[in-house]
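These notes concern the structure reproduced below.
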Amino acid sequence: MGIAEWREQLKRGEVSARELTDQHLSRIEAVEPSINAYTEVTADRARADADRIDAARVAGEELPPLAGVPLAIKDNLCTRGVRTTCSSRMLENFVPPYESTVTGRLWQAGAVLLGKTNLDEFAMGSSTETSVFGPSRNPWNTEKVPGGSSGGSAAAVAAGECVGSLGSDTGGSIRQPAAFCGVVGLKPTYGRVSRYGLVAFASSLDQVGPFATNVADAAELLQVIAGEDPRDSTCLKAPVPDYRAALQQPVAGLKVGIVRECFEAEGLDPEVKASVMAAAAQLEALGCELVDVSCPRFNDGIATYYVIAPSEASANLARYDGVKYGYRAADAASLAEMTSRSRAEGFGDEVKRRILIGTYALSAGYVDAYYKKAQQVRTLIRRDFDRAFGAVDVLLTPTSPTTAFGFGAHSEDPLAMYLADLLTIPANMAGLPAISLPCGFDGAGLPIGVQLITGVLQEERLLQVAWHYEQAARVMQNRPAAALVP
Ligand code: GLN
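Going by the numbering used here, the letters in the sequence shown line up with residues 210 to 695, in that order.
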C-alpha cells in the first residue's frame, strides 16, 4: 500500500495508525536479528505518536499529509531526546538537545518515528560495514551488504521494517544502497532540503533525501522535507512545487540522454548494463527519445571526490576533540594527550583515513596542487552536465557498476570500495537531483538500479520520468519468488 492509499483508509477509519505502527514493530522484531537495519528502535515513542494520530482522527481533526506513516531515520540526523550516533564510538552516547529541520517537518506532518538506522561511520563508506554497531545485511541475501552509507535506511524499507526512511547522500549514499536493496532513493538538488541538524560530512556535497518502496511515496516524503529554512543558509529559497501532481504528466517527447562513458565504465557488470539498457528501451517505448550523450569528465569524478570530500570532512570533524562532543579518553595526562587519544579511540579506521587525507590535501604546501585542482576539475564535470542538458531533459545511467557484493569483499582495498560510487558522484559534484529505482535483477536474484539525473531543481521532471517507468516496467511485481527475507 502506498502512502496516498493509506491516508484514505485512515481517514475512513478502516485502519488505525496504531495498527500500522504495531505491524511494523512486529516486523522489526521478527527480522532485525538477521538484518540489523536499526541502531535503535523507539517503540514506545512510536506507539505514542500513532495513538495521538488516532485520537486526532476520532476527534474529527483534519489529518496532516503523513499522518500515522511509520518512518526510520538515518542516525546522522539529530532527533531531540533520541540518541544520534553516526554509528561511531565517538557519538555513541550523544543525545541531541534539538531536532533537525527535516525530521521536525516529518513529525509536524504526522509521521511516526520507528527508530534510527545504521550507517557507515559518519556516512563514510559504501557497505555499512564500518558501523560500530556491526554491519546491516541485505534483505535479498543476508550474505551481501546493503550498500552504504545509508545501508540501514535502505534495508529497513526493503525488509518492510518501515514505510519509508531518510538518508543522506554525499557521493551516492542514498542511491547506491537503494539500488542494492531494490528500493527507490532520491538525492535532491543541493540546497533543496535543509541540512540543519544533519551531522556534517562534506558540506559542499551533503544532501538529505528519502527512501521508499515506490516513486509516489518518495514524492510524498520530498514534499514534506523540501523548502527554505532560516536555520540553514545553504538552503534555497525557491518555492516547493507540487511533486505528487507532477508524476502523471506525460513523458512522450522527452529526450533521455544515455551517458556513453557510464556504459563503458571499467568494472561494469554485463548484467547491470543489459538491465539498465532495457530500462532505457522501456522509456523509448513510452515515447521518450533516446539520445547518445558524452560526459568525458565523469571519469574524473572519483579522484576529484576523494580530495574534496575528505578535505571538507577533516574540517567538519575537527569539532570532535573530546571536549565539545562525545567520547573522551580517560586518564590523560594533558589536554593534547586527551584530544589525541579521544580521536584515536573514538574514530574507526576509515574515518581516520579520511581525516588524514583531508588534512594533507589542505595543508599549506599542497592546497593548490590538490584541493584547488580538484575544485577546478569539479567545474569541468559540471560543464559536461551543462552541455548534456542543452540537448536532453534527463540523463540515464546505471546507479552502481555491480549488484550488492559480499561482506569483506572490498575491506582490504579502499580503492575498490570507492569505485562503487563511480556513477553516483558526478551528480553530487554538480549539485544535481538524481534518483535510483529498481530496473531488474541479476542471475543471483539481486536487485539492479537505474539512475536518472535532471537539471537543478528539476525534481518534478525526475519523479515524473521515474514514475512512468515504474508503472510500465512493474519490476517489483515481477521479482524473483521468495527472494526477500521471510
Ligand atoms: N561512499 C561514498 C563515501 O564513502 C559516499 C558516502 C556518502 O554519500 N555519504 O564517501
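We treat Cβ as the ideally placed atom computed from N, Cα and C, and that holds for glycine.
Please read these numbers as outputs of a predicted model, since none were measured by experiment.
Exercise for review: Taking G400 as the reference, give the member of P439, A570, A368 with the closest Cα.
Suggested key: It is P439.
Point to revise | Closest by C-alpha distance to C287, when choosing among S377, A368, V354 | key: Of S377, A368, V354, the residue nearest in Cα terms is S377.
Review point. For Q457 versus A682, is the C-beta distance shorter than 7 Å?
Key: No, the pair does not count as a contact, with Cβ atoms beyond the cut-off.
Check your understanding: So does M333 have its beta carbon nearer than 6 Å to some heavy atom of the ligand GLN?
Key -> Distance from the C-beta of M333 to the nearest heavy atom of the ligand GLN is below 6 Å.
Point to revise | Limits of the alpha helix (DSSP H) - the one that I282 falls within | key: Careful: I282 lies outside any alpha helix (DSSP H), inside the beta strand (DSSP E) at 279 to 283.
Check your understanding: Which value, in whole angstroms, describes the spacing of the CA atoms of L589 and M638?
Key -> Cα to Cα, the separation comes out at about 10 Å.
Practice item. Go through its chain and collect everything with a Cβ distance to A675's Cβ below 7 Å, but skip five positions before and after it. Key: Correct list, in chain order: V424, I644, L646, L661.
Exercise for review: Measure the C-alpha to C-alpha separation of G466 and T663 and round it to an integer number of angstroms.
Suggested key: G466 and T663 have their C-alpha atoms some 10 Å from each other.
Review point. Quick one: is S442 buried, meaning 16 or more other Cβ sit within 10 Å of its Cβ, or exposed?
Key: With fewer than 16 Cβ atoms within 10 Å of its Cβ, S442 is classed as exposed.
Check your understanding: Considering only residues of the same chain and omitting the five flanking positions on each side of E473, which have a CB-CB separation below 8 Å?
Key -> The beta carbon of E473 lies closer than 8 Å to none in the same chain, with the five residues before and after it left out.
Point to revise | Beta-carbon proximity check, S296 vs E338, cutoff 7 Å | key: If you check the CB distance, S296 and E338 do not come in under 7 Å.
Review point. With a cut-off of 8 Å, do at least 3 Cβ pairs link the region 386 to 396 to the region 602 to 618?
Key: At 8 Å Cβ cutoff, the stretches touch.
Review point. Can you tell which of A435, Y452, A454, A553 has its C-alpha closest to the C-alpha of K446?
Key: The residue with the shortest Cα to Cα distance from K446 is A435.
**Study point:** Identity of the residues DSSP links to F650 by a beta bridge
**Key:** Its beta-bridge partners are P656.
Review point. Where does P419 fall in DSSP's three states?
Key: The three-state secondary structure of P419, taken from DSSP, is strand.
Exercise for review: Quick one: grab the DSSP three-state call for D231.
Suggested key: In the structure shown, D231 sits in a helix (DSSP, three-state: H, G or I).
Check your understanding: Is D451 near the ligand GLN, in the sense that its beta carbon is under 6 Å from a heavy atom of that ligand?
Key -> The answer is no for D451.
Exercise for review: Pick out whichever of C371, R266, R469, R227 has its Cα sitting closest to the Cα of L604.
Suggested key: Ranking C371, R266, R469, R227 by Cα distance to L604 puts R469 first.
Review point. Is the closest heavy atom of the ligand GLN to the C-beta of S382 under 6 Å?
Key: Indeed, a heavy atom of the ligand GLN lies less than 6 Å from the Cβ.
Exercise for review: Have a look at L463, A268, G361, K482 and flag the residue whose alpha-carbon is nearest the alpha-carbon of C471.
Suggested key: Closest option to C471, Cα to Cα, is K482.
Review point. Which residues mark the beginning and the end of the alpha helix (DSSP H) in which L463 is found?
Key: Where L463 is concerned, there is no enclosing alpha helix (DSSP H), given that its DSSP letter is neither H nor E.
Review point. Does the beta carbon of T379 fall short of 6 Å from some heavy atom of the ligand GLN?
Key: T379 Cβ: within cutoff of the ligand GLN.
Check your understanding: Would the beta-carbon of D651 fall within 7 Å of that of E480?
Key -> In this structure, D651 places its C-beta atom within 7 Å of the C-beta atom of E480.
Point to revise | Secondary structure, beta strand (DSSP E): runs of 3+ residues fully inside the region 569 to 614 | key: For the region 569 to 614, the continuous beta strand (DSSP E) assignments of 3+ residues that do not extend past its boundaries occur at 603 to 607, in sequence order.
Point to revise | Extent of the continuous beta strand (DSSP E) to which V321 belongs | key: Taken as a continuous stretch (DSSP letters only), the beta strand (DSSP E) holding V321 covers 321 to 326.
Check your understanding: Does the ligand GLN have even one heavy atom less than 6 Å from the beta-carbon of S345?
Key -> Set against 6 Å, the gap from the CB of S345 to the closest heavy atom of the ligand GLN is not smaller.
Check your understanding: Expressed to the nearest angstrom, what Euclidean distance is found between the alpha-carbon atoms of T700 and Y627?
Key -> Any answer about residue 700 is impossible in this case: the structure gives the chain only from 210 up to 695.
Check your understanding: Going by beta carbon distance, what residues of the same chain come within less than 7 Å of F303, once the five residues before and after it are set aside?
Key -> So the qualifying residues of the chain are R292, T293, T294, Y534, G535.
Review point. Hey, would you say the C-beta of S309 is under 6 Å away from at least one heavy atom of the ligand GLN?
Key: Taking 6 Å as the cut-off, the C-beta of S309 does not count as close to any heavy atom of the ligand GLN.
Practice item. Taking A600 and V500 to be in contact with their CB atoms under 8 Å, please state how far apart those CB atoms are, rounded to whole angstroms. Key: Their Cβ separation, rounded to whole angstroms, is 6 Å, which keeps A600 and V500 in contact under 8 Å.
Exercise for review: Reducing DSSP to helix, strand and coil, say where Y247 ends up.
Suggested key: DSSP, read as helix, strand or coil, puts Y247 in strand.
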